[in-house]
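Down below is the structure, laid out as structure tokens.
Residue numbers (our numbering): 6 to 340.
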């Protein structure tokens, strides 16, 4: 893994007075954990929370790998309060992350969240630190993302813009936002439909796509906490409680978890959007909190792949059990 040049230069002076705590979510990947921890170590947060899921039953390598990961993640050598949530048993992606976030926000009013495969550039920490304070009491702002999927396109004149999507590859938020999500039950179709209609931006496929994702989550075909947070956020569209998310003008996170050991990704060990870039300080703040529709449309197409062919493939996969049952019934009937 090549070193990240952004860990050596931009905004290092600002990191010397970092205020925000960091929640580090780890599991069984020593290689990626080592690189993300190096970035955290360079940032020197005053408080570090390490939440580790336990080994999976029947996976003999997990116990050793989990132990190695915990040793890496707890090698703190700077002035820092360290808190741990180390599980003996495996909870799985969704429940392990949600419970870790409950634990973190039970103590902290706000903070930064990094998974073991999301490598941040150093400006990410200063960016989050400043905006956590700026939007602390702004209920419309739900999260601060580290990822940017605009492929170099500038959105507005500020250092960041506001979008409809929650991005989970390195982010920051507040207790008020997380508790708002946790108070919600499974989204009803009418509630979600209203929000999706507001956020569709003229796309006929946007609402069917996200209804499909909801169906996959409810059927437990996808074990993703992040999809649920995204659906919850999209359901707020057009209401007085509409949720928006801060997105930096430069991508500040590289996902290094792509490959055979990944839970939800595959392919090359690179962020498919772009590599990490720089961000100039002091930040230039947008004058209004308003959504950048052009940016959201771009994210629809290029990041989530909201297009007809992927949609039809998922429809077939979703309805395959029903088709199989129908075929068996037809064979029995014709005998």
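The beta-carbon is built from N, C-alpha and C at its ideal position, and this holds for glycine as well.
| request: Drop a sphere of 10 angstroms on the beta-carbon of residue 289, count the other beta-carbons inside from all chains shown, and report buried for 16 or more, exposed for fewer. | output: exposed
| query | Hey, how far is the Cα of residue 94 from the Cα of residue 235? | reply | Near 27 Å, if we compare the C-alpha coordinates of residue 235 and residue 94.
| query | How do the region 245 to 252 and the region 97 to 114 stand: do at least 3 beta-carbon pairs fall below 8 Å, yes or no? | reply | no
| query | Start and end of the alpha helix (DSSP H) containing residue 298? | reply | 298 to 307
| Run through DSSP, which three-state label would residue 195 get? | Annotated three-state conformation of residue 195 is helix, per DSSP.
| request: Go to residue 156, then tell me how far its alpha helix (DSSP H) extends in each direction, as first and last residue. | output: Element bounds for residue 156: n/a, residue is neither H nor E.
| message | Quick check on the DSSP output: what are the complete alpha helix (DSSP H) runs of length 4 or more inside the region 102 to 140, in order along the chain? | response | 128 to 139
| said: How far does the beta strand (DSSP E) with residue 205 in it extend, from its first residue to its last? | reply: The continuous stretches of beta strand (DSSP E) do not include residue 205, and DSSP gives it neither H nor E.
| query | Run through DSSP, which three-state label would residue 277 get? | reply | Residue confidence for residue 277 is low, a pLDDT of 43 falling below 50, so the modelled location carries little weight and cannot support an answer.
| task | Check whether the Cβ atoms of residue 113 and residue 30 sit closer than 9 Å, and answer yes or no. | result | Against a cut-off of 9 Å, the Cβ pair of residue 30 and residue 113 comes out as no contact.
| If you pair each beta-carbon of the region 36 to 52 with each one of the region 123 to 138, do three or more pairs fall below 8 Å? | yes
| Span separating the alpha-carbon of residue 225 from that of residue 136 | 35 Å
| request: Measure the beta-carbon distance from residue 169 to residue 140 and round it to whole angstroms, keeping in mind my assumption that it falls under 8 Å. | output: Actually they are not in contact, since the Cβ atoms of residue 169 and residue 140 sit about 16 Å apart, beyond 8 Å.
| query | For residue 240 versus residue 200, is the C-beta distance shorter than 9 Å? | reply | Yes, they are a contact pair.
| field | Range of the contiguous alpha helix (DSSP H) that encloses residue 213 | value | 211 to 223
| request: Evaluate the contact criterion for the region 211 to 228 versus the region 146 to 160: three or more CB pairs, one atom per stretch, below 8 Å. | output: no
| task | Flag this pair as yes or no: are the beta carbons of residue 73 and residue 35 separated by less than 9 Å? | result | Yes, the pair counts as a contact, with Cβ atoms nearer than the cut-off.
| task | Run the CB neighbour count on residue 176, radius 10 Å, all protein chains shown included, and call it buried at 16 or more, exposed below. | result | buried
| message | Does residue 317 come out as helix, strand or coil in the three-state DSSP assignment? | response | helix
| task | Quick one: grab the DSSP three-state call for residue 343. | result | The displayed coordinates of the chain run from 6 to 340. Any statement about residue 343 would go beyond what the structure contains.
| message | Going by C-alpha to C-alpha distance, which of 174, 242, 28 and 156 sits closest to residue 88? | response | Put simply, of 174, 242, 28 and 156 the residue whose alpha carbon is nearest the alpha carbon of residue 88 is 28.
| field | Endpoints, the alpha helix (DSSP H) within which residue 236 is located | value | 230 to 239
| Among 167, 57, 100 and 78, which residue has its Cα nearest to the Cα of residue 292? | 167
| query | Which same chain residues, not among the five before or five after residue 116, have their C-beta less than 7 Å away from its C-beta? | reply | 25, 26, 27, 28, 109 and 177
| request: Give the straight-line distance between the Cα atoms of residue 341 and residue 309, rounded to the nearest whole angstrom. | output: In the structure as shown, the chain starts at 6 and stops at 340, and residue 341 therefore has no counterpart that could be examined.
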